[in-house]
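Just so you know, the sequences run in chain order E and F.
Per the numbering used here, the first sequence starts with residue 411, numbered consecutively.
Per the numbering used here, the second sequence starts with residue 411, numbered consecutively.
2 protein chains.
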Amino acid sequence: MYVIMVYDIKEERVNKVLKIARKYLTWVQNSVLEGELTRAQLEKLKVELGEIIDREEDSVIFYKLRSTAYFQKETMGVEKGGGEQFI
Amino acid sequence: MYVIMVYDIKEERVNKVLKIARKYLTWVQNSVLEGELTRAQLEKLKVELGEIIDREEDSVIFYKLRSTAYFQKETMGVEKGGGEQFI
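This is the structure:
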């Protein structure tokens, strides 16, 4: 499935969360990653994130789509994404 | 159509961008809004944003879906959203 992940994480944990998310997904913008994942990969990602985030303070949203055919993406301004980009 | 909007905007412009976006969409998390828009409403939103953002520095991504039937949403941690919430 295709996953868009957006997160809102307290500063002290945000680098750890980003590091985990980047193992599975491509960074596209501040706090946003996306990519193709199997169900098992998504479960692993959620387990890893669950060990880091504070569920009282942090928030992670996954938008799960069957494929990229189900949405169109449009960017205004800078195209920041690119898996290899250092942020 | 259903629109998920994520933005990465320099601090001096971020409040203006959020104020515009909230006229059209519901805030769900830091830098993320979503909602049902007509094509005309999306165009108006883009025109308004275009007057504020710096296209060399800022980035706004719209994920456009035919309806909410085309994705599933899953949240870990805090559910921050809610149109009336003050942030």
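We treat Cβ as the ideally placed atom computed from N, Cα and C, and that holds for glycine.
Model, not experiment: these values are computed from the prediction.
Rounded distance between the beta-carbons of residue j and residue i, thought under 8 Å
i        : j        : result
Lys420/E : Glu466/E : Incorrect: roughly 10 Å between the Cβ atoms, too far for contact.
Tyr480/F : Tyr480/E : 4 Å
Amino acids of chain F, ordered along the chain, whose beta-carbon sits closer than 8 Å to that of residue i
i        : result
Gln451/E : Those do not exist, as Gln451/E stays about 14 Å from chain F at its closest Cβ, beyond 8 Å.
Lys490/E : Asp418 and Ser469
Lys483/E : Ile471, Phe472, Tyr473 and Lys474
Own chain, CB closer than 8 Å to residue i, minus 5 neighbours either side, in chain order
i        : result
Ile430/F : Leu455, Glu458, Leu459 and Ile462
Phe496/E : Bear in mind that the predicted position of Phe496/E carries a pLDDT of just 42, short of 50, making it unreliable; the figure below should be weighed with that in mind. Here the set comprises nothing.
Contacts around residue i, its chain only, beta-carbon distance under 6 Å, and the 5 residues preceding and following it disregarded
i        : result
Glu494/F : Reliability of the predicted coordinates at Glu494/F is poor, the pLDDT of 40 falling under 50, and the value obtained from them is presented with this limitation in mind. Answer for Glu494/F: no residue qualifies.
Ile414/F : Glu444 and Tyr473
Asp418/E : Ser469
9 Å Cβ cut-off: residues of chain E touching residue i
i        : result
Glu466/F : Gly487 and Val488
Beta-carbon proximity list for residue i, same chain, < 7 Å, skipping 5 on both sides
i        : result
Val416/F : Ser441, Val442 and Ile471
Proximal residues of chain E, C-beta to C-beta of residue i below 7 Å
i        : result
Ile463/F : Met486 and Gly487
Residues that residue i contacts on chain F, provided the C-beta gap is smaller than 7 Å
i        : result
Asn425/E : Chain F residues near Asn425/E: none, gap ~16 Å exceeds 7 Å.
Lys456/E : Met486
Tyr434/E : None at all; the shortest Cβ gap to chain F is about 14 Å.
Contacts of residue i in chain E (Cβ-Cβ under 8 Å)
i        : result
Gly460/F : Met486
- Message: Does the structure place the region 416–431 of chain F close enough to the region 463–478 of chain E that three or more beta carbon pairs sit under 8 Å?
- Response: no
- the region 483–493 of chain E in contact with the region 431–444 of chain E per 3-pair CB rule at 8 Å: yes
- Task: Could I get the ranges of all uninterrupted beta strand (DSSP E) runs contained in the region 460–491 of chain F, with 3 residues as the minimum, in chain order?
- Result: 469–475 and 482–487
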